[in-house]
Amino acid sequence: MNQVKQFFTRYKMLALVIAIAVIWLFFSWQTDGGFLTPRNLSNLLRQMSITGILACGMVLVIISGEIDLSVGSLLGLLGGLAAILDVVYHVPLLANLSVVALCGLMIGLANGYMTAYLRIPSFIVGLGGMLAFRGILLGITGGTTIAPVSPSLVYVGQGYLPHSVGTALGVLLLALTLFLTWKQRRNRALHGLAAHSMIRDVLRVVLIGAVLGGTSMRGGSGTVYGALLGALVITSLDNGMSMLDVDSYWQMIVKGGILVLAVWVDVSTRAGRR
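Its first residue numbered 1, the sequence shown is counted upward by one per residue in UniProt numbering.
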């Protein structure tokens, strides 16, 4: 057991690569090679790009010892707002997206202000926002589905950018995140904020990806490369279990177990270093 802990401590990235290889081989065996076809690998990379981009942002948040539980609820609220502007008020797509983005920006700034300047723990701010945003969404929609939305808005929500555009955007965001974490001063400033933060229990796919990649839930450590590899692990599991028609509740159980396991490994390896 001690040797396993030491391996994870010293070679986290290698351990993730091995885990990805094992997962891919297993699902390839179970699907008679279907998992490793060019078509499915392309779908896998598309799915991973979303999780990976979000996980890069999550790394910056977690290593500073903070967390935002309201992300999912805010996403739902902004989606509902976009649907109302489109269906009820017939707002043009560009103006619609601008209003929604501005609302998201203002809410994010408000959350950050409450945490940074009012000294309200981010866990409480996020938890309060999670409940409030769900309530606001139910209030503005009346608890009903807003439909039918325009084809252009449907494409924004469900479509994909061309490969070249998506790749360029992903590389640009990755480079930006690497720049923020690579600079020694910036790195120390971020990592130094969270020496005594407590572990938070968050069941989000992007969080699982970040934690799998070595980002400590206690704060103070984490890498962009690790977050991307962690995102690839969890996306590979998602893709493979979907191909095998695994029930959704089992998929959630597996993700929850992986999150607990990843945090346990982090706690164990840190205790071993002491």
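All C-beta atoms, glycine included, are put in the ideal place defined by N, C-alpha and C.
Values in this document were obtained by computation on a predicted structure and should not be read as measured data.
- The three-state reading of DSSP puts I62 in helix, counting H, G and I together.
- Here the C-alpha atom of D32 lies approximately 16 Å from the C-alpha atom of A21.
- Under the three-state reduction of DSSP output, A147 falls in the coil class, being neither helix nor strand.
- The C-beta distance from G170 to I53 rounds to 6 Å, short enough to fall under 8 Å.
- When only Cα atoms are considered, S64 and A227 end up about 15 Å apart.
- Taking the Cα of M114 as reference, the smallest distance to any Cα among G230, G240 and G128 is reached at G128.
- The alpha-carbon of M241 is positioned some 14 Å away from that of L232.
- Annotation for G142: no alpha helix (DSSP H) segment contains it, and DSSP assigns it neither H nor E.
- If you draw a 10 Å sphere on the C-beta of M13, you find fewer than 16 other C-beta atoms in it, and that means exposed.
- Within a 10 Å sphere around the beta-carbon of V88 sit fewer than 16 other beta-carbons, which makes this residue exposed.
- Cβ neighbours of L153 within its own chain (closer than 8 Å, five residues either side excluded): A82, A83, D86, L93 and N96.
- In the displayed model, G33 falls within coil according to three-state DSSP, outside both helix and strand.
- Distance from the CA atom of L36 to the CA atom of Q30, rounded to whole angstroms, is 11 Å.
- Taking the Cβ atoms as the reference, G256 lies roughly 19 Å from L16, outside the contact range of under 8 Å.
- Rounded to whole angstroms, the separation of the alpha carbons of P162 and Y225 is 24 Å.
- For D86, the enclosing alpha helix (DSSP H) covers residues V71 to V87.
- Annotation for V91: L85 and V99 place their beta carbon closer than 8 Å to its own, counting only its chain and skipping 5 residues before and after.
- Rounded to whole angstroms, the separation of the alpha carbons of V260 and G157 is 31 Å.
- By alpha-carbon distance to M243, the top candidate from I18, A19 and L44 is L44.
- A residue is called buried once 16 or more other Cβ atoms fall within 10 Å of its Cβ, and L237 is buried on that count.
- A direct Cα-to-Cα measurement between A19 and G104 gives close to 36 Å.
- Within the same chain, and ignoring the five residues on either side of G126 in sequence, the residues whose Cβ sits closer than 6 Å to its Cβ are D68, L69 and S70.
- Counted as a single uninterrupted DSSP element, the alpha helix (DSSP H) harbouring V99 occupies residues L93 to A116.
- With fewer than 16 other Cβ atoms inside 10 Å of its own Cβ, I124 counts as exposed.
- Rounded to the nearest whole angstrom, the CA to CA distance from I258 to A110 is 32 Å.
- Residue environment for T235: buried (at least 16 other C-beta atoms within 10 angstroms of its C-beta).
- Burial state of M48 is buried, judged by a 10 Å Cβ sphere holding 16 or more other Cβ atoms.
- When the five nearest sequence neighbours on each side are left out, the beta carbons in the same chain lying within less than 8 Å of the beta carbon of G76 are those of F133, R134 and L137, in order along the chain.
- Between G80 and I140, the gap from beta carbon to beta carbon is short of 8 Å.
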